[in-house]
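Peer 1:
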Amino acid sequence: IVRPIASAAEADASAAEDTEGEAAGEASPTWKTSAWKKASPPAPPRTLPDVVPSGEVPALLSSPPRTVCLMVEPSPFSHMSGYANRFKEMLRCLRLAGDEVDILTTPIDPSEPLEDLPQEVAGYPINYTRGFTFPFYKAFSLTFDVPDRVGSRLLKRRRPDLIHSISPGFLLFASIYYARRHSVPLVMSYHTHLPVYARTYGLGLLESASWLALRIVHGLADLTLTTSPQLAQELRDHGIPRVGVWRKGIDVERFHPRYRSDEFRRTRMMSEDANEGDFLLAYIGRLGAEKRLSEIKEMMDKLPDDVRLCVVGKGPEESRLRALFDGDRTVFTGQLSGDDLSRAFASADCFVMPSDSETLGFVVLESMASGVPVVGCRAGG
362 IVRPIASAAE ADASAAEDTE GEAAGEASPT WKTSAWKKAS PPAPPRTLPD
412 VVPSGEVPAL LSSPPRTVCL MVEPSPFSHM SGYANRFKEM LRCLRLAGDE
462 VDILTTPIDP SEPLEDLPQE VAGYPINYTR GFTFPFYKAF SLTFDVPDRV
512 GSRLLKRRRP DLIHSISPGF LLFASIYYAR RHSVPLVMSY HTHLPVYART
562 YGLGLLESAS WLALRIVHGL ADLTLTTSPQ LAQELRDHGI PRVGVWRKGI
612 DVERFHPRYR SDEFRRTRMM SEDANEGDFL LAYIGRLGAE KRLSEIKEMM
662 DKLPDDVRLC VVGKGPEESR LRALFDGDRT VFTGQLSGDD LSRAFASADC
712 FVMPSDSETL GFVVLESMAS GVPVVGCRAG G
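For the sequence shown, the working numbering begins at 362 and goes up steadily by one.
1. Count the other CB atoms, across all protein chains shown, that sit within 10 Å of the CB of Arg690; report buried if there are 16 or more and exposed otherwise.
2. With contact counted as at least three CB pairs below 8 angstroms, one residue from each stretch, are the segment 647-654 and the segment 629-639 in contact?
3. Could you please give the first and the last residue of the uninterrupted beta strand (DSSP E) stretch that includes Asp612?
4. Exposed or buried, Gly484, counting other C-beta atoms within 10 Å across all chains shown (16 or more means buried)?
5. For the beta strand (DSSP E) containing Tyr489, name the first residue and the last one.
6. Does the beta carbon of Thr691 come closer than 9 angstroms to any beta carbon on chain D?
7. Just the Cα atoms here: how many angstroms apart are Ala740 and Met714?
8. Quick one: what's Ser526 bridged to in DSSP?
9. Using DSSP with H/G/I as helix, E/B as strand and the rest coil, what is Asp662?
10. Contact between the segment 696-703 and the segment 613-631: three or more CB pairs below 8 angstroms?
11. Note down the Cα distance separating Phe712 from Ser622, rounded to an integer number of angstroms.
12. Find out if the Cβ-Cβ distance for the pair Leu465, Val507 is shorter than 9 angstroms.
13. Nearest by alpha-carbon distance to Pro486: which of Gly676, Leu478 and Ala709 is it?
14. Using the three-state DSSP reduction, which class does Arg427 fall into: helix, strand or coil?
15. Per DSSP, what kind of secondary structure is Pro734 in: helix, strand or coil?
16. Can you tell me whether DSSP reads Ser513 as helix, strand or coil?
17. So, using beta-carbon positions, are Ala643 and Ala574 closer together than 9 angstroms?
18. Between Ile537, His525, Tyr538 and Ser536, which has its C-alpha nearest Thr587's C-alpha?
19. Roughly how many angstroms lie between the CA atoms of Pro405 and Leu523, to the nearest whole one?
20. When DSSP labels each residue in this structure, what does Val725 get in the three-state scheme?
21. Thr585 bridges to which residues according to DSSP?
22. Which residues in the same chain as Phe493 place their Cβ atom closer than 8 angstroms to its Cβ, once the five residues preceding and following it in sequence are excluded?
23. Which runs of the beta strand (DSSP E) fall wholly inside the segment 618-666 and span at least 3 residues, in chain order?
24. Where does the unbroken alpha helix (DSSP H) through Met714 begin, and where does it stop?
25. Where Met441 and Ser718 are concerned, what is the direct C-alpha to C-alpha distance, given to the nearest angstrom?
26. Between Ala540 and the rest of its own chain, which residues show a CB-CB distance below 6 angstroms, the 5 nearest in sequence each way excluded?
27. Sort Tyr620, Pro556, Leu584 and Pro496 by Cα distance to His599 and report the nearest one.
28. For my contact list, Arg669 and Leu641 are in at a C-beta cut-off of 8 angstroms; report their separation, rounded to the angstrom.
29. Taking Gly743 as part of the alpha helix (DSSP H), name the residues at either end of that continuous run.
30. Please classify Arg427 as buried or exposed, where buried requires at least 16 other C-beta atoms within 10 Å of its C-beta.
Here is the structure:
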């Protein structure tokens with residue numbers, strides 16, 4: 362069996378490999394363009410004999426370099442998160458493989474001057490298009506790439522071998538149009554579990570509508586990537602075709618037990634009245650309603666006084682959570698990065714993850730790589 366490989370990098374190579382069940386009985390599956398019948402056949406994809414053992418990743422140089430157009434929103438280049446780390450690491454691998462990448466995104470803050478924004482990542486220039494924010498949530502900017510149509514200019518300048526777009530979002534609608542207009546295969550990666558968010562934010566009536574929208578939109582993609590096998594199966598169960606798994610991975614040099622620091626733990630993660638032998642719980646990540654962090658309060662109320670909690674990160678729920686946990690043996694550090702973030706992971710006694718809406722949850726893997734056990738929901742990715 363010969364399988365298509367969208368890029369020489371780990372992410373795109375493994376994504377194509379994981380679509381094996383979608384073309385049962387076909388000797389050599391190819392990119393599907395049935396969503397637009399007038400599209401001309403794309404260039405033949407690089408192929409790799411099916412000799413890679415399950416769970417292993419083909420070498421970066423197993424096939425010739427390709428050209429990718431990455432259309433991503435919200436921008437992963439202006440903040441720290443598992444989502445951001447995934448794309449930065451993917452681009453680093455693409456650079457090592459010799460692939461060329463055109464990047465299109467939108468500023469986190471639409472009012473921020475262009476010269477103050479990151480201009481490149483992994484040696485690839487970043488192209489920006491005009492974006493907008495919602496009145497009730499201004500943490501991220503989204504875009505349709507109008508009226509600027511930067512994506513159109515990128516594709517006219519250099520026709521890519523594939524377009525990689527992000528879902529859910531608004532830029533993906535532009536990517537669908539560009540893929541059809543230029544007859545380029547389209548890969549969508551799925552990063553926010555929209556139906557669960559609808560339910561979490563009290564919009565349960567929109568849950569069914571969310572699945573309908575996902576079926577329609579992802580039905581136009583040649584391949585949908587999810588971040589975990591569980592989520593991939595859930596999407597298939599709801600009628601979404603051609604779903605593969607984008608293999609996970611973390612930086613085991615950055616997240617390592619050697620970063621454990623008693624001083625950092627005592628001075629940055631615990632209040633002054635804490636004792637040296639107190640047990641320290643930690644949560645590291647975005648402070649949003651979908652993370653269900655309020656439920657940690659109920660747990661803390663039932664635990665002994667020598668159990669402490671440290672919350673690392675920022676988000677729209679930060680003010681409410683600070684008030685909720687006020688005086689309850691809890692420290693909020695704000696967002697950390699670099700060695701301080703590594704120390705925060707490694708210096709806890711246990712990592713707690715109450716969210717049930719994660720598409721993957723890199724922080725769980727990063728905590729385990731740091732030598733810290735995890736208590737989490739048996740749900741999500």
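Glycine is no exception: its CB is placed at the ideal position from the N, C-alpha and C atoms.
Peer 2: If we stick to the structure as given:
1. Residue numbering aside, residue 690 sits at position 329 when the sequence shown is read from its first letter. So Arg690 counts as buried.
2. Touching, no.
3. One-based indexing of the sequence shown puts residue 612 at position 251. In the DSSP annotation of this structure, Asp612 is not part of any beta strand (DSSP E), being labelled neither H nor E.
4. Sequence index remark: in the sequence shown, residue 484 carries index 123 (1-based). By the 10 Å Cβ count, Gly484 comes out exposed.
5. Numbered from its first residue, the sequence shown carries residue 489 at position 128. Tyr485 to Tyr489 is the span of the beta strand (DSSP E), which, as asked, contains Tyr489.
6. Of the chains in the structure shown, none is chain D; there is only one protein chain.
7. Position 379 of the sequence shown holds residue 740. Position 353 of the sequence shown holds residue 714. Taking the straight line joining both Cα atoms gives about 11 angstroms.
8. To locate residue 526, count along the sequence shown from 1; it is residue 165. According to DSSP, which records beta bridges pairwise, Ser526 is partnered with Met432 and Met549.
9. As a position in the sequence shown, residue 662 is number 301, starting the count at 1. If DSSP states are grouped into helix, strand and coil, Asp662 belongs with the helices.
10. yes
11. On the sequence shown, residue 712 is found 351 positions in, with the first residue counted as 1. On the sequence shown, residue 622 is found 261 positions in, with the first residue counted as 1. Taken atom to atom, the span from the alpha-carbon of Phe712 to that of Ser622 is near 16 angstroms.
12. Working through the sequence shown from its first residue, we reach residue 465 at position 104. Working through the sequence shown from its first residue, we reach residue 507 at position 146. No, they are not a contact pair.
13. Working through the sequence shown from its first residue, we reach residue 486 at position 125. Nearest of Gly676, Leu478 and Ala709 to Pro486, Cα basis: Leu478.
14. Start at 1 with the first residue of the sequence shown, and residue 427 comes out as number 66. Coil at Arg427, not helix or strand.
15. For the purposes of this step, residue 734 is taken as residue 373 along the sequence shown, with counting starting at 1. Correct three-state label for Pro734: coil.
16. Residue numbering aside, residue 513 sits at position 152 when the sequence shown is read from its first letter. Residue state, collapsed to three classes: helix.
17. Here residue 643 is taken as the residue at index 282 of the sequence shown, counted from 1. Here residue 574 is taken as the residue at index 213 of the sequence shown, counted from 1. No, these two residues do not count as a Cβ contact at 9 angstroms.
18. Position 226 of the sequence shown, counting from 1, holds the residue named residue 587. The option with the nearest alpha carbon to Thr587 is His525.
19. Position 44 of the sequence shown, counting from 1, holds the residue named residue 405. Position 162 of the sequence shown, counting from 1, holds the residue named residue 523. Its pLDDT being 44, under 50, Pro405 is placed unreliably in this model, and the value from its coordinates should be taken loosely. Roughly 11 angstroms separates the two Cα atoms.
20. Working through the sequence shown from its first residue, we reach residue 725 at position 364. Reduced to three states, the DSSP call for Val725 is helix.
21. In the sequence shown, the residue the question calls residue 585 occupies position 224. Partner(s): Met549 and Val604.
22. Counted from its first residue, the sequence shown places residue 493 at position 132. If we look at Phe493 and ignore the five residues flanking it on each side, its Cβ neighbours are Pro471, Ser502, Leu503 and Thr504.
23. 640-645
24. Reading the sequence shown from its first residue, position 353 is the one you call residue 714. Here Met714 belongs to no alpha helix (DSSP H); instead the beta strand (DSSP E) covers Cys711 to Met714.
25. Translated into positions along the sequence shown, residue 441 becomes position 80. Translated into positions along the sequence shown, residue 718 becomes position 357. Whole-angstrom Cα-Cα distance: 19 angstroms.
26. Here residue 540 is taken as the residue at index 179 of the sequence shown, counted from 1. For Ala540, where only same-chain residues beyond five positions count, the Cβ hits under 6 angstroms are Ile524 and Leu547.
27. The count along the sequence shown starts at 1 and reaches residue 599 at position 238. Comparing Cα-Cα distances from His599 to each of Tyr620, Pro556, Leu584 and Pro496, the minimum goes to Pro556.
28. Taking the sequence shown and counting its residues from 1, the one referred to as residue 669 is at position 308. Taking the sequence shown and counting its residues from 1, the one referred to as residue 641 is at position 280. Indeed, because the Cβ distance is near 5 angstroms, the residues count as touching under 8 angstroms.
29. Absent from the model: residue 743. The displayed extent of the chain is 362 to 742, so no value can be given.
30. Numbered from its first residue, the sequence shown carries residue 427 at position 66. Buried, since its Cβ has 16 or more Cβ neighbours within 10 Å.
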